[in-house]
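Numbering (this note's numbering), first residue to last: 330 to 468. Heads up, the beta-carbon is just placed ideally off N, CA and C, and yes, glycines get one too. The block underneath contains the structure these notes are about, expressed in structure tokens.
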């Protein structure tokens, strides 16, 4: 099993979360559709369900979770869904202020890395009360 020192784990996670602030305020966009291979991969046929605004500094500093590191997102502003109901959420991306997808996670109703409490319905308010980015020391 490969592993890294805790200090490198903390540094790496801080680099990631700081990158979310590039170009201005980051957003979390929740989509329905086929999940791309990663944040660099193009989206094909995805439907945007809702876009939520993160705080000007998206995440706090990484903390040691022994083993690994975790950084908690600052407040995320609730938003009104533009689509939904028949399109269940399948993934979400954190998009920095310059428009670059920095992170991609699976999403679903009580499933996935971003777990939602129910389907997203057009016109409804969607909120994410808590989001934590983690990085393990061992792979």
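Test item: CB-CB of residue i and residue j under 9 Å
i, j, result
"residue 378", "residue 359", "yes"
"residue 390", "residue 403", "no"
"residue 414", "residue 450", "yes"
"residue 418", "residue 398", "no"
"residue 416", "residue 341", "no"
"residue 425", "residue 348", "yes"
"residue 438", "residue 452", "no"
"residue 443", "residue 460", "yes"
Residue closest to residue i, alpha-carbon to alpha-carbon, out of the options
i, options, result
"residue 375", "383, 368, 364", "364"
"residue 409", "346, 454, 341, 354", "454"
"residue 463", "384, 438, 388", "388"
"residue 351", "407, 361, 432", "432"
"residue 357", "456, 395, 381", "381"
"residue 420", "370, 345, 344, 334", "370"
"residue 344", "386, 460, 372", "386"
"residue 353", "444, 384, 458, 461", "384"
Cβ separation of residue i and residue j, assumed to be a contact under 8 Å, to the nearest whole Å
i, j, result
"residue 336", "residue 466", "Incorrect: roughly 10 Å between the Cβ atoms, too far for contact."
"residue 430", "residue 422", "5 Å"
"residue 396", "residue 456", "In fact, because the Cβ distance is near 31 Å, the residues do not count as touching under 8 Å."
"residue 427", "residue 434", "With a Cβ gap of about 20 Å, residue 427 and residue 434 do not count as contacting."
Closer than 8 Å: residue i CB and nearest the ligand NAP heavy atom
i, result
"residue 372", "Among the ligands in the structure shown, none appear at all, so the ligand NAP cannot be discussed."
Could I get the ranges of all uninterrupted beta strand (DSSP E) runs contained in the stretch 371–452, with 3 residues as the minimum, in chain order?
376–383, 398–401, 420–424, 430–438, 443–445
Quiz prompt | 3-residue-minimum beta strand (DSSP E) runs that sit fully inside the stretch 345–372, ordered along the chain | solution = Fully enclosed beta strand (DSSP E) runs of 3 or longer: 356–361.
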